[in-house]
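Residue numbers (full-length UniProt numbering): 1 to 137.
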Amino acid sequence: KEIHDKVKPDQVELIRRDYYANGGWETFLSYEDPMKDILIGLLRLRKCPENPYDHTKCWSIVRELHVYGTTVGVSERDTSKFQHQGYGVLLMEEAERIARFEHSSYQLGVISGVGTRNYYRKLGFTLIEPYMVKNLL
Numbered sequence: 001k002e003i004h005d006k007v008k009p010d011q012v013e014l015i016r017r018d019y020y021a022n023g024g025w026e027t028f029l030s031y032e033d034p035m036k037d038i039l040i041g042l043l044r045l046r047k048c049p050e051n052p053y054d055h056t057k058c059w060s061i062v063r064e065l066h067v068y069g070t071t072v073g074v075s076e077r078d079t080s081k082f083q084h085q086g087y088g089v090l091l092m093e094e095a096e097r098i099a100r101f102e103h104s105s106y107q108l109g110v111i112s113g114v115g116t117r118n119y120y121r122k123l124g125f126t127l128i129e130p131y132m133v134k135n136l137l
């Protein structure tokens, strides 16, 4: 049986860890079942000192977003799996909140491959090569 079958949604928690790395502040967000030591998804957010598009405004960047588990097709839904259950959207919403209100960032950028760009478009991001970018103000 898969490990996902052991996780109950009411036991899943949003965990936040802030740390200093490579000359800047990063926030590690994750959805976990801490009682069973199971990681469901994670996001790494960095406050960047310089915006490549507008040097007068601060921006933040999502360096990594993963929801783990058995792969589910983009247009498919399987409630017994973690993917496509909203954990990625919840992580992105929290990253946006931190970027806007704690980092005072003007924009949020995401490094994304071609295959994930439509996902970010649905969240309000537009393509500004090589990033998907969302204005926060």
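Cβ coordinates follow ideal geometry from the N, Cα and C atoms, glycine included.
Beta-bridge partners of residue i, as assigned by DSSP
i: Phe-28; result: Arg-17, Arg-44
i: Asp-33; result: Ile-38
i: Leu-108; result: Ser-60, Lys-134
Contacts around residue i, its chain only, beta-carbon distance under 8 Å, and the 5 residues preceding and following it disregarded
i: Glu-13; result: Tyr-31, Glu-32, Asp-33, Pro-34
i: Lys-1; result: Confidence in Lys-1 is poor, its pLDDT being 41 and thus under 50, which makes the residue's placement unreliable; the coordinate value appears in the next sentence. Excluding residues within five positions, none has a Cβ falling inside 8 Å.
i: Leu-136; result: Glu-96, Ala-99, Arg-100, Ser-105, Tyr-106, Gln-107, Leu-108
i: Gly-41; result: Ser-30, Tyr-31, Leu-65, His-66, Val-67, Tyr-68, Phe-82, Tyr-87, Gly-88, Leu-91
Enclosing beta strand (DSSP E) for residue i [first to last residue]
i: Asn-135; result: 131-135
i: Val-62; result: 59-67
i: Leu-127; result: 126-128
C-beta atoms of residue i and residue j nearer than 7 Å
i: Arg-46; j: Phe-28; result: no
i: Ser-112; j: Tyr-106; result: no
i: Ala-99; j: Leu-90; result: no
i: Val-62; j: Gly-88; result: no
i: Val-110; j: Met-132; result: yes
Same chain, Cβ closer than 7 Å to residue i, five either side skipped, listed in chain order
i: Gly-124; result: Lys-134
i: Leu-39; result: Ser-30, Glu-32, Tyr-68
i: His-103; result: Lys-47, Cys-58, Ser-60
Sequence-distant residues of its chain with Cβ nearer than 6 Å to residue i (five each side left out)
i: Arg-16; result: Leu-29
i: Trp-25; result: Lys-47
N- and C-terminal bounds of the alpha helix (DSSP H) containing residue i
i: Leu-91; result: 87-97
i: Arg-121; result: 117-122
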